[in-house]
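J.: Residues 5 to 767 in the numbering used here are what the sequence shown lists, from first letter to last. Here it is, the structure, as structure tokens.
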Amino acid sequence: MRILSWRLIVALVIGVTLVSVASSWYEVRSQKDALRSDLERKAGTLGESLAATAQLYLLAGDRDGLEEMVERFGNREHLIGIGVYGSDGSVLAITPALNSLMPGSPRILTDSLRANRGESNYMRLHFRRVYVLAMPLHGPRGAVIGGILMAHDTGYIRTEIFLVWGRVFVRIALQVLVIVAITILIVRWSLTKPIARVADWIKALRTGQHAPPPAPSDMDFLLPLTREVAPLARSIQTARGAAATEARLRIANESEWTAQRLAAHVRSRLEGSSLFVVANREPYIHNWRDGVIQMSVPASGLVAAIEPILCACNGTWVAHGSGNADMEMTDEHDRLQVPPDEPLYTLRRIWLSAEEEDGYYYGFANEGLWPLCHNAHTRPIFRASDWEHYYNVNQKFADALVEEIGAEEHPVVLIQDYHFALLPRMVKNRLPQARIAIFWHIPWPNPESFEICPWQRELLDGLLGADLIGFHVRAHCNNFLNTVDHVLEARIDWEHFAVKRNDHTSLVLPFPISVECCDDTGARSGTDVADERRAVLKAAGIEATYIGVGVDRIDYTKGIIERFQAVESFLERYPSYQGKFTFFQLGAPTRTHIKRYADFQAEVEAEASRINARFKRGRWSPIILQVRQHSKQEVQRYYRIAHLCMVTSLHDGMNLVAKEFVAAKQDERGVLILSQFTGAARELRDAIIVNPYDIEATGEAIAQALRMDVNEMTERMRRMRNTIREHNIYWWASSLIGTLCEVRLEQAEQVAVSASDRVTVET
Ligand code: ADQ
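Following this line, the structure appears as structure tokens:
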């Protein structure tokens, strides 16, 4: 860097000096010309006036007059002397200074007399620079009767020029100083320091220390390099983390699941088969933003769990291409290799028209099945046209999946969620050798509730095409088995949790989904958390001592209004917390195309405003409602700073927020208030379990959380963290895929059923 700085400085100094000297040279020249012509003009004027006087004295033969004249005028500014000469060049009158400089009859004078015209010249005489002007003197008829000569000292012009050059050099010196200083600063700010910071970061990564990446402005200059280094750094960090965890587990002789362990485990279970995942949501979305295509990764536990497996076995993920730039990024087969940094598996995008999306996704799935499966007192809406779209979109996914599977002999297919109830049957009919699992992320209601769906048989038949049907908890499995028992003619094996129908068995088992837990490297100290809390409060412009948090899609099943009312009840019963306790609700807008959701969002906003209007004072507010999608980092920050987290779902398959909060609490300080109607409540017994419909009791739970003894709090949190650590998202994926790989496929199914066959249902 020092050599580069010197090279830059020397090059700039030479360049600037050359340009300055060249431009100053012209300036000096014109200054010199101006001074000379000024001298010549003054000398000319003086010469002419003296010549007129000298002519009169000469004609009158008055030598005394001549001598007096030369004496009088001979000491003008810069004038060395004056001499008057006869027509033969003889000296008639002369000042002593001129006489000693140019004794006798100077050549320039004789030339002037001979040519009968004025002569002038710059010359050096006895080391003096002089300007000499000689002029003839004329008689009455123009005859030359003598001559006059004046010599001016031009030394002052030289002095003046030296002064100008002096100023030029001072200017150049100042410019050079400024350039050197600027160059040194720029090199330091833009090169040396950013490179040093990036180098420190890389060094920290190399030595296994936790270090945040340098600021984007530092990276900017090194963009091409950092594009390569950043993924490398991530890989090193991941590999190091995995190695550390593995080592820790070996020492503790434990069996915690990691992404790497999951990938290796599933690879061995698949025995060379390929894995195909179908989910409505894609793992990478491309959208146009400000004229450029930008990629985003939806914050989803599913991506975190499934991606390592797909990467390990070069699998395929089939999903709805929902981004407005998705088409631009796929090839002619609608495929894209991902992850973008290190392509290892295929993303197959399915294109849906607006009508298809409306009918299949918003209509049947979210206005029909979603409220049908949640006991949240919102009436399901079933439209024949939505069902039609739901069927056709399932068929579209089935076609694409069969195409992707191609000639694969033993494909393993993992279907996600209630958007694809018909898909298992559609695929099984065409590919009986495929092992198919569907995981239902939402609850399954009791048979009486499910009965209201006009297409209940078709849905059940579709699901029973799978070899394995997964729910979060045993209660949902039981509800499903009861529903099948109630609706279809099938044999329920309660001992093995299986449904046997048409010589095909479907296992129905619970696989409680989870989160990544718990990376405690770089854990923050209590002071860090307090600082972070202060910063968040300052940014929100409020003052508070205690913080509660809720993180949800704004969905009527999440009990957000009941939660706000519990906060209200708490503040009523415990007025000493007014001005001290603030509840932050991070609410992601969701399914806003659906009127019920748009209305619900307005209701949530109105309820928050009502409670705030009732209690708000000064810079304190009881509820801060932030309606937007937050980044994963932001959500994590709120989990870290919160004294308590409220999950008050009216009904929820699992609820990942509860687990995310626990996983984020590296300091084990914090209390989880958890609805008894969530799947998570079965595992997280150390939360304060509440019935969200009981507003007062939920308010009491807030008081209990804020007053909880620190030892009890950390003990509860530690136990919950251990539960999640043991049953993390990788454990979930390994159990689900491991069980699927163990399923025995019946011989009877080796006959393919025509793909065009629509579902036939027995009663
Ligand atoms: P959801 O009901 O969507 O899904 P939930 O378990 O509540 O899932 O998780 C929501 C996720 O979204 C969490 O990861 C949370 O951090 C994130 N999130 C919520 N609000 C956010 C915001 N404002 N900004 C950013 N992120 C936000 C279904 C079922 C659940 C089941 C999951 C997984 O309804 O019961 O737990 O699937 O199977």
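For each residue, glycine too, the CB sits at the ideal point set by N, CA and C.
DSSP puts V136 in a beta bridge; with which residues?
T.: N125 and A155
J.: Whole angstroms is fine: what's the gap from P216's alpha carbon to W205's?
T.: 7 Å
J.: In three-state terms, what does DSSP make of H490?
T.: Helix.
J.: Measure the C-alpha to C-alpha separation of I255 and D532 and round it to an integer number of angstroms.
T.: Low local confidence applies: a pLDDT of 49 at I255 is under 50, so the model's placement there is unreliable, with the coordinate-based value given in what follows. Distance between the alpha carbons of I255 and D532: 30 Å.
J.: Is L513 near G554, with beta carbons less than 9 Å apart?
T.: no
J.: If A438 and I419 are in contact, beta carbons under 8 Å, what's the gap, nearest whole angstrom?
T.: About 11 Å; that fails the 8 Å criterion.
J.: At 3 residues or longer, and completely inside the region 439–481: list those beta strand (DSSP E) runs for me, N to C.
T.: 439–443 and 472–475
J.: Would DSSP call K584 helix, strand or coil?
T.: Looking at K584 - three-state DSSP - the assignment turns out to be coil, as it is neither helix nor strand.
J.: Note down the Cα distance separating C521 from H731, rounded to an integer number of angstroms.
T.: 9 Å
J.: Does I255 come out as helix, strand or coil in the three-state DSSP assignment?
T.: Residue confidence is low: I255 scores 49 on pLDDT, short of 50, so the model does not pin down where it sits. Its coordinate-derived value is still stated next. Note: I255 maps to helix in three-state DSSP.
J.: Quick one: is the Cβ of N379 within less than 8 Å of any heavy atom of the ligand ADQ?
T.: no
J.: With a 10 Å radius around its C-beta and 16 neighbouring C-beta atoms as the bar for buried, classify I7 as buried or exposed.
T.: When all chains shown are included, I7 counts as exposed.
J.: Apart from the five residues on each side of it in sequence, which residues of its chain come closer than 6 Å, Cβ to Cβ, to N486?
T.: Excluding positions up to five away in sequence, the list reads P451.
J.: Between the Cα of A15 and those of V180, G51 and F77, spot the shortest distance and give me the residue it belongs to.
T.: V180
J.: Around the C-beta of Y30, are 16 or more other C-beta atoms found within 10 angstroms, so that it is buried, or is it exposed?
T.: exposed
J.: Give me the residue from P516, I152, D489 and R175 with the minimum Cα distance to R505.
T.: D489
J.: Within 10 Å of its beta-carbon, does H130 have 16 or more other beta-carbons around it, so buried, or fewer, so exposed?
T.: exposed
J.: Taking the beta strand (DSSP E) that Q714 belongs to, which residues open and close that run?
T.: For the record, residue 714 in the displayed sequence is Val; it is not Gln. First-last for V714: V714 to E730, but that is the alpha helix (DSSP H), not the beta strand (DSSP E).
J.: Which whole-angstrom value describes the C-beta separation of I176 and T21, a residue pair presumed to lie in contact below a C-beta threshold of 8 Å?
T.: 6 Å
J.: Check whether the region 51–65 and the region 103–119 are in contact - that is, three or more C-beta pairs closer than 8 Å.
T.: no
J.: Candidates S326, H324, D335 and W444: which alpha carbon is nearest L373's?
T.: W444
J.: Can you give me the Cβ contacts of G143 inside the same chain, cut-off strictly under 7 Å, excluding the 5 residues immediately before and after it?
T.: L63 and I149.
J.: In the structure shown, what three-state DSSP assignment does I206 receive?
T.: helix
J.: I'd like to confirm the pairing. Which residues does DSSP put opposite A497 in its beta bridges?
T.: The sequence given here places Asp at residue 497; Ala does not occur at that position. DSSP lists A502 as partners of D497.
J.: With distances taken Cα to Cα, identify the nearest neighbour of P626 among A548, L468 and A709.
T.: A548
J.: Using the beta-carbon count (16 or more within 10 Å), is P428 buried or exposed?
T.: Buried, since its Cβ has 16 or more Cβ neighbours within 10 Å.
J.: Under a three-way DSSP split, which group does G19 fall into?
T.: helix
J.: For L39, which residues from the same chain have a beta carbon less than 7 Å from its beta carbon, with the 5 sequence-adjacent residues on both sides left out?
T.: I161 and E164.
J.: Going by DSSP, what residues sit across from C521 in a beta bridge?
T.: Answer is none; C521 lacks a bridge partner.
J.: So, are the CB atoms of L749 and P436 less than 9 Å apart?
T.: Result yes, Cβ atoms of L749 and P436 sit closer than 9 Å.
J.: Relative to the C-alpha of S573, which residue among T596, A606 and N616 is closest?
T.: Ranking the options by Cα distance to S573, first place goes to N616.
J.: Could you say which of S739, S580 and V747 lies nearest to R265 if we only look at CA atoms?
T.: Nearest option by C-alpha distance: S739.
J.: Compare the beta carbon distance of T682 and M658 with 9 Å and say whether it is the shorter of the two.
T.: yes
J.: Out of I240, I741 and E493, state which residue places its alpha-carbon closest to the alpha-carbon of G474.
T.: Comparing Cα positions, the closest option is I741.
J.: Closer than 7 Å by C-beta to I385: which residues in its own chain qualify, once you throw out the five before and the five after it? Chain order, please.
T.: E371 and G372
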